[in-house]
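Student:
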Amino acid sequence: MSYSNPLHPPVRSSNISQYSTLEGAAGITRFLSPTRYRLPQQSYKPSSKWDQAMGQNVRLHAAIQFDHIGYTGQGVQMRELSARSDAAIAAMMQGAGDAVLYHTGRERITFRIVWPGYEHVECCDQLVINSGGRPITRAQLGKSVAQIFARFVEKTRNEPSRSSQWNLTSSGIRFEHLVLVALVNVWEGVWQADVAVDLR
């Protein structure tokens, strides 16, 4: 049985995303490092049928890429983003000063982490992207996302995982292994990070 909304026209099949993971939605790029693998994450979808029906007509924004200058599609290590100064990040990141979310017209976005094996651990943060007329830059956004991931890794340290391959432990995947590749708009004002794991 399908839901018919009298306020909005039915969604044509050509307007429905065929992607169920961030990997497909963000676009595939080959990593130069043989030790770097894309994290297979499920895209967030609200649990409410009402939210699902209302969000289907919303136009999603293009993914925001995070790259070192001259290395498109390779991402930036989160430990670099969280530890370096804004000036150091600007010197190494492609388009670091770009006002990447200004076009959304929003003051804030919702950022979610849905890590394989830890889907039971809720991670939902509000990021201010336009404060007093000053839009957030790519470098600032990358730093904020990296800091949220650092807290998430710490939070899950004592949580059971349902996936041994993507286990966040001191003997498994650690924060220093995480690479921010892109930020993907998965639902209305909701964004997730396209993440790679580099075990070097």
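Take the sequence shown: its letter number 105 is residue 105 in the working numbering, and every next letter is one higher.
Backbone N, C-alpha and C fix where the C-beta goes; we use that ideal spot for every residue, glycine too.
Indicate whether residue 90 and residue 83 have their beta-carbon atoms separated by less than 8 Å.
Tutor: Sequence index remark: in the sequence shown, residue 90 carries index 90 (1-based). Sequence index remark: in the sequence shown, residue 83 carries index 83 (1-based). Against a cut-off of 8 Å, the Cβ pair of residue 83 and residue 90 comes out as no contact.
Student: Using 8 Å as the threshold, is the C-beta distance between residue 44 and residue 187 below it?
Tutor: Numbered from 1 along the sequence shown, position 44 holds the residue referred to as residue 44. Numbered from 1 along the sequence shown, position 187 holds the residue referred to as residue 187. It is a contact, given that the beta carbons lie within the stated cut-off.
Student: Do residue 64 and residue 100 have their beta-carbon atoms positioned less than 8 Å apart in this structure?
Tutor: Taking the sequence shown and counting its residues from 1, one reaches residue 100 at position 100. Taking the sequence shown and counting its residues from 1, one reaches residue 64 at position 64. Yes, the pair counts as a contact, with Cβ atoms nearer than the cut-off.
Student: Please specify which runs of the beta strand (DSSP E), each continuous and at least 3 residues long, are wholly inside the region 144 to 200, giving them in chain order.
Tutor: 178 to 187, 190 to 198
Student: Would you list, in sequence order, the uninterrupted beta strand (DSSP E) runs of no fewer than 3 residues that lie entirely inside the region 51 to 124?
Tutor: Within the region 51 to 124, the complete beta strand (DSSP E) segments of 3 residues or longer fall at 108 to 112, listed in chain order.
Student: How about residue 112 and residue 190: do their beta carbons lie closer than 8 Å?
Tutor: For the purposes of this step, residue 112 is identified with residue 112 of the sequence shown, where counting begins at 1. For the purposes of this step, residue 190 is identified with residue 190 of the sequence shown, where counting begins at 1. Yes, the Cβ-Cβ distance between residue 112 and residue 190 is below 8 Å.
Student: Kindly give me the distance between the Cβ atoms of residue 75 and residue 196, rounded to whole angstroms, as I take these residues to be in contact under 8 Å.
Tutor: The count along the sequence shown starts at 1 and reaches residue 75 at position 75. The count along the sequence shown starts at 1 and reaches residue 196 at position 196. Between the beta-carbon of residue 75 and that of residue 196 there is about 5 Å, and that keeps the pair under the 8 Å contact cut.
Student: Have a look at the DSSP bridge pairing and note the partners of residue 127.
Tutor: If you number the sequence shown from 1, residue 127 lands on position 127. In the DSSP output, where bridge partners are listed per residue, residue 127 has 109.
Student: Taking the alpha-carbon positions, what's the residue 134 to residue 125 distance?
Tutor: Looking up residue 134 in the sequence shown gives position 134. Looking up residue 125 in the sequence shown gives position 125. Taking the straight line from one Cα to the other gives about 20 Å.
Student: Could you work out which residue in 80, 81, 116, 46 is closest to residue 160 when comparing CA atoms only?
Tutor: Position 160 of the sequence shown holds residue 160. The shortest C-alpha separation from residue 160 is found at 116.
Student: Please determine, among 192, 174, 180, the residue with the shortest C-alpha to C-alpha distance to residue 77.
Tutor: Mapped onto the sequence shown, residue 77 falls at position 77. Cα-wise, what sits closest to residue 77 is 180.
Student: Under a three-way DSSP split, which group does residue 140 fall into?
Tutor: One-based indexing of the sequence shown puts residue 140 at position 140. Residue state, collapsed to three classes: helix.
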